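K.L.:
Residue numbers (my numbering), protein chains in the order written: chain A, 1 to 347; chain B, 1001 to 1549; chain C, 2001 to 2305; chain D, 3001 to 3368. Think of the CB as a built atom: it goes at the ideal place given N, C-alpha and C, for glycine as much as any other residue. These numbers come from a predicted model, not from an experiment.
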Amino acid sequence: MTALAKIASSRLFWPVVMLLVLFAINLVAFPGFFTITVRDGQLFGSLIDILRNGAPTLIIAVGMTLVIATRGIDLSVGAVAAIAGAVACSIILGSPEPGNLATVAVAVAVALVISLVLGVWNGFLVAVLGIQPIIATLILMTAGRGVAMLITEGQILTVNSPPFKFLGSGFWLGVPVAVIIAAVVFGLAALITRRTALGMFIESVGINPEASRQAGVRARGLLFAVYTFCALCAAIAGLILTANTAAADANNTGLFIELDAILAVVIGGTSLAGGRYSLLGTLVGALVIQTLVTTVYTVGIPPIATMVFKAAVVTVVCLLQSPTTAEAFSGFRRRLAVRAGKGLAAS
Amino acid sequence: MRGISIGFPGVKALDGVDFRMFPGEVHSLMGENGAGKSTLIKALTGVYGIDAGTITLAGEQVSFSGPAQAQAAGISTVYQEVNLLPNLSVAENIMLGREPRRFGGIDWRAMRRRSAELLAGLNLDIDPGSLLGDHSLAVQQLIAIARAIDVNAKVLILDEPTSSLDADEVAELFRVIRSLKDQRVAILFVSHFLDQVYEICDRLTVLRNGTLVGEYLVDELLRIDLVQKMIGKELTALDELEQRVHTVAVGESDAATFVSASQLGRRGAINPADLPIAAGEVVGLAGLLGSGRTEFARLLGGIDRADMGELTVSGESVKLRTPRQAISKRIAFSSENRRDEGIVGDLTVRDNIVLALQADRGWARPIPKKKQDELAQSYIQALNIRPGNPDALVRNLSGGNQQKVLLARWLAIAPRLLILDEPTRGIDIGAKAEIQKLVFNLAENGMSVLFISAELEEVLRLSHRVVVLRDRHVVADLENDGLTVDSLLALIADGRVASDDEALEELQADGAAAPVAVAAGAPAPSVTGAPAPSGTATTHPDHTEGGPR
Amino acid sequence: SGGNAAAEGPKPLDELVVGFAQVGAESGWRTANTKDIQAAFEDAGIELKFSDAQQKQENQIKAIRSYIQQQVDVIAFSPVVETGWDAVLNEAKAAGIPVVLTDRAVDSKDDSLYVSFLGSDFVEEGKKAGQWVLDEYADATEPVQIIQLEGTTGAAPAIDRAEGFADVIAENPNLEVVASQTGDFTRAGGKQVTEALLKSNPDVDLIYAHNDDMGLGAIEAIEAAGLVPGKDIKIVTVDAVHDGMQALADGKINFIVECSPLLGKQLIDIVKQINDGETPEKRIITEETTFTQEQAIEALPDRQY
Amino acid sequence: MTELLDAPGRTSPGADRAPARRAPRTPRGPAGSGPAPSGNPLARAARAAGALLTSPKYGPVTVTAILFVAVFVVGGIRYRGFFSGQVFLNLFVDNAYLIVLAVGMTFVILTGGIDLSVGAVVALSGMIAASLLQTGWSPAAVIPLILVLTSVLGLLVGLMIHVFKVQPFIATLAAMFLARGLCYVISQSSISITDPTFVQLAVSRIPLGGGMSITPSVIIALVVVAIAVWVLHATRFGRTVYAIGGGETSGLLMGLPVARTKVLVYVISGFCSGLAGVLFTFYTLSGYPLTAIGTELDAIAAVVIGGTLLTGGYGFVLGSVLGVLVLGVIQTIITFEGTLSSWWTKIFIGALLLVFIILQKVLTARRR
Ligand SMILES: Nc1ncnc2c1ncn2[C@@H]1O[C@H](COP(=O)(O)OP(=O)(O)OP(=O)(O)O)[C@@H](O)[C@H]1O
Ligand SMILES: Nc1ncnc2c1ncn2[C@@H]1O[C@H](COP(=O)(O)OP(=O)(O)OP(=O)(O)O)[C@@H](O)[C@H]1O
Ligand SMILES: [Mg+2]
Ligand SMILES: [Mg+2]
């Protein structure tokens, strides 16, 4: 009873319920939804697809969580993802042996290093120049996509490189590589922030920057770190997205992914006002979003109604999560309990 | 109010408390930190919904769903944490919600005029057009009071209004309270200063741990009984302390200098000044509101950068650019503004306590969980932080307990110089004594302390040396050897900047003449009648909150 | 000076200034289009003022206003959307600057607002695709399941290509669109949608994608599901960009309807005609064709985009 | 929305909100009064200018104004035909709807919120207008209906934010999805407007002499600005808006009508988006479901460039208008430049934005 109440009062309760509801809807529309088959030693099934397609959003959302915890926001993740993809593909295309593992390794490394530079740039604008994060990252969001297009010259760069493609649609030990990468990023972020003092510092800077400064927390370095990490996440996601179709599309890679990532973070219960964050919540949030997208496809919601459907789901989750609703619920439960008590007394 | 109960998750903040107020009477709500005083006030004014009980105002049962309604019903409140808007002008902060209007819009001129009048009523001479955020906490507290007394209220509630004020301001406030009392306003006055309570109040209600202990007439309750009712046991700590202060004060002068500021200053904030602090020495900073004590302390703590002069720590010249550097030199600065610069509200008590220590160790070397728990537990016990749950969010602690958490944070880094800016703000007498004892013990073990407090008695009681600031100048640096509150006040309030030497002489003469005030310690009758200007309100240099015998 | 060149006699080409307001660079097709036009102007030695509206009509209107301010000789633009051009085109008309539309038409009652429209007919493209499907399954006796990958919801090519296709396949009641979902004209979109739709419609016979990119995405999804694109599931797309043609030649796509971005040459011709005082034709349809797998293998070596 | 940090590294929002310890408060006695003002009027003017620039309240706006003029002059020197009254007026003509949007957004941001739905609502109003006019409704009914509908949407968003404590970013994001989705539901393709009143409003020009003219939309936008300035500056509601931005809890404890104001702010934003949508249909004479994507970012950028803090509490409507003009002039320069490819256009916009923000930061940096 109390355990149940505890679960019900958790911030993650309603998002998880929503996830289950979406699963149920899918199951009705497509009875094979939960079936996971093994083919050629690889896992197949709708759930696997959801994980795989949700991986880039999740990876970015992990970085975004930390940025948001410091009271920031990063709108440039989509552009950074596009740049990473463009850089990697143009290097692979430019090399004489696109299928070579070393080529791909170099391409990926260069893309990641560039993303680090971009992250430091964001961190510089926010931490050193003190520009409001939304505007600071808006600059890179606009210009960054331009840079990505500059690299690809506006064309879609298609690469024929199995090792590169492996990042996006390959399998390792039967599990999609993208999922493994996401799990690693997620695990590392959780480990580093929770096993060291970083998590506490990030929260403390997000809650009260001046108090943190006076307590000796190096806010500036911290901001550099989170924006850089977020850009790194964005680049990893960008590489997965690009590898998934084996083509760098500077226009569309990661377009609007910042909204999805932020939405995932918020559905997961992290406040945009900074402070306490929950990576687990972000995971649930990202899954809800990806399942939502998949549901639209499998259930056959007509394109014109997709947006309305999304709006409805987001609204419902938010309303259910709201403390006001929780109060109303607990009031209801108390009244029930009172009535039950009376009943007992009467009998 | 009858049978009021309020519960927060895990805490029963109020349990069936009865409380009443009468027109034309000043009523005080007493109790330790976390007893539930602020919660009761918030219940009364509709900030918190009550779980049980009824509230009756002028014979009618009421239930406010928010402060706006309470205000409309004639209840005007100054809450414990100064809740004003830093981005608006002083005039707006005073008048917001009931601005004078003309032609359908706000009449700015009238607004300014009216607020200037109100400020003048509190003898506060500031420009009503200036931004609120530009003023120090004490001034903000006065502005909040000005706002509250402007309303034509039936009930005026002041939750620790005097926590940052010095004697002058308190006197002004009391003058205003008395005149409101004559207009048959019912006034609720919360303070941890027993002197003030005995001076102004007619009746008091004591709370302990969220339950009602009783309601008493002030005249009929001895201080010693009051204290006992508040904390549930007798308090002896202060007495011990007094004995020790003065034994230790002697013979401490030859200790090695730990920190020394020479001609340290910052343009627009504090004029260049010298200040050596020896290891194990407690130095008090005294001065009027706005005299620059905080500013000076901030330079030493590395919060603001000094732009002139030199600072030496352990004989080594250093430049403190960030608080972090100061901390690495084991200099801790505990801000007077605990809400904005001190606590990290959404973190737990444990995290808040270990924060500075952890920051000093760096992120990569986390303090082991077990060690954290030990630290937290030991300070929770040492400072009697309540609730004693290290996982509670600091935001949900009562004001005084937040202050204790902040103090614990700084003690945890084992500082060699601890700068305490108004550390006892809003702390109950029991805890205050504990803190003073702690400071003293630490000083005995070689920690230097720079102590700032609006309460001169406290400064005198603790300090080996007292440094006086006026108009952002250091005007005197005296051994606490026969100093009295009066002599200090004379020095502080003296308008002549040029005559440092004279003042010093005068003071030394004074000091020699007056008996050591702190030693007096007799139960003081409360001061009645209008106080004389210039700080003579506390003619009785009385620290006796806890120590009548 | 600006304005109606015809009244003042032809200007030397190197004194002509043409303002071109492009939609944006939202796809590889569009970039090829931009490049071709820029190259053509360079070759012809005519000064080109180019602006990119980033898919926003308001930006395009601003750009056209600014061309009017700058008194260019001809304004050309690819409207972001068909409607809502009357006001600004009237301004251009008042300033005596002739306007040429490229790629997409405007929906205006007053066709004196522009001198010529050069571009493809999206409905026609849909029809061509539909016709191929109709022919391919002419003697099908069982229902043929079709998945449609739509372009960005609300975009003119998406609407028109769906419409033309639907019109034609209606002739054969066996042809049934079992699912239609937007893939936003992108490969990733096409892949994700196909992936999901294949699960709920395992017996699908044909995929009709509104552009090559979505078709290429669909190929990835089909291969990942262990099926053979072009055989197990047939694919028809529109555009004929290089990657699409390659897939067609490789047998992974079955049929592509061309939608050529190479409008530069024809645009220059129109500008020259205007400069010479001639009246260009009101509607010029881009020279476009369709490709089967065999034709693709043939055409591929000299495709420029 | 979030409390986005303004200057986390150097000091803190604390330092921005309460520019602590810099501006000395009025001295208590004559002893503290500063040095006698020097007689040199030039020096005094310079000092006054310096004070204005570094004031937390007026600094950013002033700098934005100066930079705007500077950019305009540079453009005039660089491009033929740039330095004309009409080019300047066209900034208003082309951005009338954005000005109205920025006004609504200013209210929201001043309370520390954000409204992401404005772009989609503009599109939605256009769709409603176009589809209803097509079926023969009279403009006199359509326009009020749109304004009511969008205000109601704002109301719902406001209630979601206030009553259910949903974060503004998310509540308005949901509203954005909803509005965009409804656009498609109304019609997938664009609908042109042929209603004579709309056409008249779209094509008519109000001559200002010297060959210069503006549109009725500009007048409407300027009226909205004037009303907004008055409301924010001179009414209790307006001051409460600032109060909420300064500290919601404080405002609540001061007994201000926080709930009502917070909800109303979103109603205003909804109303302004609706009105902006109507102005936009005057501008384009059509409804199109894909229109105005990303316009919310333009509006937010304009407000922030205009000197409003995203954390709320500081800023002016007139600043936001300046912000819109700055975005407009950047766009104008790009068209006049006329040689930028698509990607360079994006990079250029980003770079100009950056230069602008950095200059603003540097010029308003308070001396240490
Ligand atoms: N919002 C809250 N959530 C949880 N607990 C709370 C909350 N507010 C107050 N409390 C708890 O209620 C108790 C009473 O607090 P209150 O602030 O009323 O004390 P107080 O008597 O005013 O103390 P002080 O003298 O320190 O100001 C404390 O234990 C405190 O931790
Ligand atoms: N937040 C602030 N912003 C600007 N000026 C301030 C601020 N706080 C104080 N000052 C000014 O700085 C001077 C020194 O103030 P400081 O806070 O150091 O005084 P103090 O002696 O600590 O007094 P108290 O803390 O009691 O106000 C005063 O003249 C005051 O006007
Ligand atoms: Mg309290
Ligand atoms: Mg102070």
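With a threshold of 8 Å between beta carbons, is B/Gln-1358 in contact with chain A?
P.N.:
yes
K.L.:
Within the structure, which residues are defined as neighbours of ligand 1 by a Cβ-heavy atom distance below 5 Å, reported in chain order?
P.N.:
B/Phe-1008, B/Val-1011, B/Ala-1013, B/Asn-1033, B/Gly-1034, B/Ala-1035, B/Gly-1036, B/Lys-1037, B/Ser-1038, B/Thr-1039, B/Asn-1396, B/Leu-1397, B/Ser-1398, B/Gly-1399 and B/Gly-1400
K.L.:
Taking Cβ positions only, does D/Thr-3235 come closer than 8 Å to chain A?
P.N.:
no
K.L.:
Is there a Cβ of chain A sitting closer than 8 Å to that of C/Gln-2342, yes or no?
P.N.:
As shown, chain C starts at 2001 and ends at 2305. That puts residue 2342 of chain C outside it, with no answer to give.
K.L.:
According to DSSP, what are the bridge partners of C/Thr-2237?
P.N.:
In the DSSP output, where bridge partners are listed per residue, C/Thr-2237 has C/Ile-2256.
K.L.:
Specify whether the region 2201 to 2219 of chain C and the region 2135 to 2153 of chain C touch according to this definition: at least 3 beta carbon pairs, one from each stretch, less than 8 Å apart.
P.N.:
yes
K.L.:
Are there any heavy atoms of ligand 3 lying less than 7 Å away from the beta-carbon of B/Asp-1195, as far as the coordinates show?
P.N.:
Residue side-chain check: B/Asp-1195 keeps its Cβ at 7 Å or more from all non-hydrogen atoms of ligand 3.
K.L.:
Keeping to the same chain, check which residues put their C-beta closer than 7 Å to that of D/Leu-3232; ignore five residues upstream and five downstream.
P.N.:
Gly-3238, Val-3241 and Val-3317
K.L.:
Alpha carbon to alpha carbon, how far is B/Lys-1432 from B/Lys-1370?
P.N.:
29 Å
K.L.:
Please go through the same chain and pick out, in chain order, the residues whose beta-carbon is closer than 8 Å to the beta-carbon of B/Leu-1085, but skip the five residues on each side of it.
P.N.:
Glu-1092, Asn-1093, Leu-1096 and Leu-1132
K.L.:
Kindly examine ligand 3 and report whether one of its heavy atoms sits closer than 7 Å to the Cβ of B/Gln-1402.
P.N.:
no
K.L.:
Compare the C-alpha of B/Arg-1112 against each of B/Gly-1104, B/Arg-1098 and B/Leu-1204 and name the closest.
P.N.:
B/Arg-1098
K.L.:
Drop a sphere of 10 angstroms on the beta-carbon of B/Ser-1317, count the other beta-carbons inside from all chains shown, and report buried for 16 or more, exposed for fewer.
P.N.:
B/Ser-1317 is exposed by the Cβ-count criterion.
K.L.:
For a contact meaning CB atoms closer than 7 Å, what does D/Leu-3354 contact in chain A?
P.N.:
Ile-139
K.L.:
Counting C-beta neighbours from all protein chains within 10 Å, is the total for D/Ile-3077 16 or more, i.e. buried, or is it exposed?
P.N.:
exposed
K.L.:
Can you determine whether any heavy atom of ligand 3 sits closer than 7 Å to the C-beta of B/Asp-1428, and answer yes or no?
P.N.:
no
K.L.:
Can you list the alpha helix (DSSP H) stretches of 4 or more residues lying completely in the region 2256 to 2302 of chain C, in chain order?
P.N.:
Here the runs fully enclosed are 2264 to 2275 and 2293 to 2299.
K.L.:
Quick one: is A/Asn-160 buried, meaning 16 or more other Cβ sit within 10 Å of its Cβ, or exposed?
P.N.:
exposed
K.L.:
Name the chain C residues that come within less than 7 Å of D/Gly-3338, Cβ to Cβ?
P.N.:
Correct list: Lys-2049, Phe-2050 and Ser-2051.
K.L.:
Does DSSP classify A/Ile-172 as helix, strand or coil?
P.N.:
This sequence places Trp at residue 172 of chain A; Ile is not what is there. Residue state, collapsed to three classes: strand.
K.L.:
Quick one: is D/Asp-3298 buried, meaning 16 or more other Cβ sit within 10 Å of its Cβ, or exposed?
P.N.:
Within 10 angstroms of the beta-carbon of D/Asp-3298 lie 16 or more other beta-carbons, which makes it buried.
K.L.:
Excluding the five sequence neighbours on either side, which residues of its own chain have a C-beta within less than 6 Å of the C-beta of C/Glu-2047, listed in chain order?
P.N.:
Val-2017
K.L.:
Just the C-alpha distance for B/Val-1497 and B/Gly-1280, rounded to the nearest angstrom, thanks.
P.N.:
With a pLDDT of 40 at B/Val-1497, under the threshold of 50, the modelled position of this residue cannot be trusted; read the value that follows with caution. Rounded to whole angstroms, B/Val-1497 to B/Gly-1280 spans 31 Å at the Cα level.
K.L.:
Exposed or buried, which one is C/Phe-2291 when buried takes at least 16 other CB atoms within 10 Å?
P.N.:
buried
K.L.:
What I want to know is whether the C-beta of B/Gln-1080 ends up closer than 7 Å to one or more non-hydrogen atoms of ligand 3.
P.N.:
The answer is yes for B/Gln-1080.
K.L.:
Can you have a look at D/Pro-3060 and say buried or exposed, based on whether 16 or more other CB atoms are within 10 angstroms of its CB?
P.N.:
buried
K.L.:
Taking D/Trp-3344 as the query, report the chain B residues whose CB atoms sit under 8 Å from its CB, ordered along the chain.
P.N.:
In chain order: nothing, as chain B lies at least about 40 Å away.
K.L.:
Ignoring anything shorter than 4 residues, give me the alpha helix (DSSP H) runs that lie fully in the region 3096 to 3137 of chain D, in order along the chain.
P.N.:
Along the region 3096 to 3137 of chain D, the alpha helix (DSSP H) occurs as fully enclosed runs of 4 or more residues at 3118 to 3134, listed in sequence order.
K.L.:
Can you list, in chain order, the residues of its chain with a C-beta nearer than 7 Å to that of B/Cys-1201? Leave out the 5 residues immediately preceding and following it.
P.N.:
Val-1026, His-1027, Ser-1028, Phe-1189 and Val-1218
K.L.:
Compute every distance between the C-beta of B/Asp-1168 and the non-hydrogen atoms of ligand 3, then say whether any falls below 7 Å.
P.N.:
no
K.L.:
Does DSSP classify B/Ser-1262 as helix, strand or coil?
P.N.:
strand
K.L.:
Closer than 8 Å, CB to CB, is D/Val-3087 near chain C or not?
P.N.:
yes
K.L.:
What is the C-beta distance between D/Pro-3287 and D/Met-3176, in whole angstroms, given that I count them as a contact (C-beta under 8 Å)?
P.N.:
The sequence given here places Gly at residue 3287 of chain D; Pro does not occur at that position. In this structure D/Gly-3287 does not touch D/Met-3176 by the C-beta definition: roughly 17 Å separates them, more than the 8 Å allowed.
K.L.:
What number of angstroms, rounded off, separates the C-alpha of C/Ile-2274 from the C-alpha of D/Val-3326?
P.N.:
Each residue's alpha carbon lies about 37 Å from the other.
K.L.:
I'd like to check one pair, B/Arg-1002 with B/Gly-1053: are the Cβ atoms closer than 8 Å?
P.N.:
Annotated as proximal: B/Gly-1053 and B/Arg-1002, with beta-carbon spacing under 8 Å.
K.L.:
Can you tell me which of the three DSSP states B/Ser-1499 falls into?
P.N.:
Low per-residue confidence applies at B/Ser-1499: pLDDT is 40, beneath 50, and the placement is therefore not dependable enough to give any value.
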